[in-house]
Structures are given as structure tokens and as C-alpha cells.
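First comes the structure, then the notes that go with it.
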Amino acid sequence: GENVEQHPSTLSVQEGDSAVIKCTYSDSASNYFPWYKQELGKGPQLIIDIRSNVGEKKDQRIAVTLNKTAKHFSLHITETQPEDSAVYFCAGPYGGSQGNLIFGKGTKLSVKP
Amino acid sequence: KAGVTQTPRYLIKTRGQQVTLSCSPISGHRSVSWYQQTPGQGLQFLFEYFSETQRNKGNFPGRFSGRQFSNSRSEMNVSTLELGDSALYLCASSLAGLNYGYTFGSGTRLTVV
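Protein chains in written order, with our numbering: chain A, 943 to 1055; chain B, 677 to 789.
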């Protein structure tokens, strides 16, 4: 079946460094790729998304890149801060425009002060 | 603007019992999706409702069911509870589905003893 693979499962960085999380997908028809941040005791929060007609999208310290040929997309966080510590999930669509989201297994990011 | 509201936040049930969880989507959102989140399996799609109709269904047994009301509020029901049903159940709402992005609630933590 369709799936989304996410790496690494854990990531520890020093405050101020950059963090990169990568995901691959299998459905070549996929055209929408969101990233979610989940803090302890809360539901996932959408932080950025990208559609297949765009190669890169930025929002302040967060950016997402998409390589449709290689079927992978990445989340880049620059100048990391302790409040960036959380679990990050990538997701991809399954079942066409009226389908649902399939999530990666998550990356636990720890930013050390 | 109120977010997605899930009730109750915590629930403890005994094996064999049934349980009903509730989700109130963001005003104006017509799509409601349900996900099960566990440490081992991550976020798994249960089902999606749009305009009171189930539009998509994941690979869960028939013990898991749901419905959506005319005001877009949704409920999910799990019958004959098993220990393995212990999880965080998340509801996500969207204007009309996948391409409009999803907003998650904080979830209902179900513990089966």
C-alpha cells in the first residue's frame, strides 16, 4: 500500500543550529504535503505545507522543499530554539483529491540550550 | 475563532465495554477525519466524514464506527473494547477535505483496562 517514510526518528541539535527532516512517498500522483508539529499533550498543529507545483516554500525560520522526481520532501528549521522541541510529522495524500492523509512515523526533535 | 473541540479529554474503560467520542469541528468546516495515535503504530487513519456521509475508511475492524450530524459535529464509537484500543484518538476538521488542510483537536486519551 501507499506509505510515507520519515527520517530520522530522533534528532538532537544545539540551539541556533539547523535541523532537517526528510520524508519519501510512493504515490506519484501525490500533490499535497503538509508538516505537523506535536507538543506534549496536544494534537498535531499544521506548521507548513507545500503543493506539487512549487519546489520550495518558506515561512520565517521554517522551509519545505519538494523533489517530485525523487519523491521526497524535507523540512528545514533554521536558528533552532528550545521551543522548537517537539515531534514533527510529515504527511502525504492517499486516495486522490478526496482521500486522506498518511503520516510518517514522526521525528522527535530536541533543541539543547 | 474556536478550534476543533474533542470531548472527553480522558476516558478509562473496561475490556468489552463500548465508548463514544465526540468532535466539534471549526465552524464552517464540513469534513471531519478521525485518527488513532499509538507509540507503536503512529497516526493511523480511521475514517472521514463529509456532509454526513462516510467518504473514506481506513483499515480498522468493524468495531470502529462513526457518524456525522447535520451541524458537522462527529462521533466515533468503539464497541467491545480491547486492551489494544488504548490510544489517543484525534479528530481533524477541514473546509472540504484534503486540499484545504486539516486542523486537529487535542484528542481523547482512551485507556482500556
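We put the beta carbon where it would ideally sit given N, CA and C, even for glycine.
Cβ-Cβ distance between A/A1028 and A/Q956 below 7 angstroms: To locate residue 1028 of chain A, count along the first sequence from 1; it is residue 86. To locate residue 956 of chain A, count along the first sequence from 1; it is residue 14. Judged by their CB atoms, A/A1028 and A/Q956 are not nearer to each other than the 7 angstroms cut-off.
Over what stretch of residues does the beta strand (DSSP E) that includes B/T784 continue unbroken? Here residue 784 of chain B refers to the residue found at position 108 of the second sequence. Its beta strand (DSSP E) spans residues T784 to V788.
Report yes if the CB atom of A/T1007 is closer than 7 angstroms to the CB atom of A/E998, and no otherwise. By 1-based counting over the first sequence, the position of residue 1007 of chain A is 65. By 1-based counting over the first sequence, the position of residue 998 of chain A is 56. Closer than 7 angstroms, so yes.
N-terminal and C-terminal residue of the beta strand (DSSP E) that A/I990 is part of: Indexing the first sequence from 1 puts residue 990 of chain A at position 48. From DSSP, the beta strand (DSSP E) with A/I990 extends over Q987 to R993.
Can a CB atom of chain B be found closer than 7 angstroms to the CB of A/G985? Within the first sequence, residue 985 of chain A is the residue found at index 43, counting from 1. Answer yes: the Cβ-Cβ gap between A/G985 and chain B drops below 7 angstroms somewhere.
Identified DSSP bridge partners for B/E728: One-based indexing of the second sequence puts residue 728 of chain B at position 52. Residue pairing of B/E728 in beta bridges, as defined by DSSP: absent, with no partner found.
Answer yes if the stretch 719-727 of chain B comes into contact with the stretch 739-747 of chain B, meaning at least three C-beta pairs across the two stretches below 8 angstroms, and no otherwise. The stretch 739-747 of chain B, when compared against the stretch 719-727 of chain B, does touch it at the 8 angstroms Cβ threshold.
B/I688 burial status per 10 Å Cβ neighbour count (16 or more: buried): On the second sequence, position 12 is the one that residue 688 of chain B refers to. Exposed, since its Cβ has fewer than 16 Cβ neighbours within 10 Å.
Suppose you measure from the CA of B/Y686 to the CA of A/G983; what does that come to, to the nearest Å? Residue 686 of chain B sits at position 10 when you count from the first residue of the second sequence. Residue 983 of chain A sits at position 41 when you count from the first residue of the first sequence. Those two C-alpha atoms are separated by around 11 angstroms.
Suppose you measure from the CA of B/L697 to the CA of A/Y974; what does that come to, to the nearest Å? In the second sequence, the residue the question calls residue 697 of chain B occupies position 21. In the first sequence, the residue the question calls residue 974 of chain A occupies position 32. Computed Cα separation, rounded: 29 angstroms.
Between the stretch 964-994 of chain A and chain B, which residues of the former have a C-beta closer than 9 angstroms to a C-beta of the latter? Listed by position along the chain: N973, Y974, P976, Y978, Q980, G983, K984, G985, P986, Q987, L988, D991 and R993.
With DSSP as the reference, label A/P976 as helix, strand or coil. For the purposes of this step, residue 976 of chain A is taken as residue 34 along the first sequence, with counting starting at 1. Residue state, collapsed to three classes: strand.
Can you tell me whether A/E1021 is helix, strand or coil according to DSSP? Mapped onto the first sequence, residue 1021 of chain A falls at position 79. In the structure shown, A/E1021 sits in coil (DSSP, three-state: anything other than H, G, I, E or B).
Is it buried or exposed, B/Q693, if we count other Cβ atoms within 10 angstroms and call 16 or more buried? The residue you call residue 693 of chain B lines up with position 17 of the second sequence. B/Q693 comes out exposed.
Rounded C-alpha distance that separates B/S769 from A/G958: Within the second sequence, the letter at position 93 stands for residue 769 of chain B. Within the first sequence, the letter at position 16 stands for residue 958 of chain A. Rounded to whole angstroms, B/S769 to A/G958 spans 34 angstroms at the Cα level.
Close beta carbons around A/P976, own chain, < 6 angstroms, minus the five adjacent residues each side: What you label residue 976 of chain A is simply residue 34 of the first sequence in a count that begins at 1. Contacts found: L988, D991 and A1033.
Straight-line CA distance for A/S1052 to B/A763? Taking the first residue of the first sequence as 1, we reach residue 1052 of chain A at position 110. Taking the first residue of the second sequence as 1, we reach residue 763 of chain B at position 87. Each residue's Cα considered, the two are about 24 angstroms apart.
So, does the CB of A/F1045 fall closer than 7 angstroms to a CB anywhere in chain C? Within the model displayed, chain C is absent; protein chains A and B are what it includes.
With the cut-off set at 7 angstroms, would you say B/G783 and B/Q682 are in Cβ contact? As a first step, residue 783 of chain B is located in the second sequence; it is residue number 107 there, counting from the start. As a first step, residue 682 of chain B is located in the second sequence; it is residue number 6 there, counting from the start. Yes, they are a contact pair.
Are A/Y967 and A/V946 touching if we call contact CB-CB under 7 angstroms? Here residue 967 of chain A corresponds to residue number 25 of the first sequence, with the count starting at 1. Here residue 946 of chain A corresponds to residue number 4 of the first sequence, with the count starting at 1. Yes.
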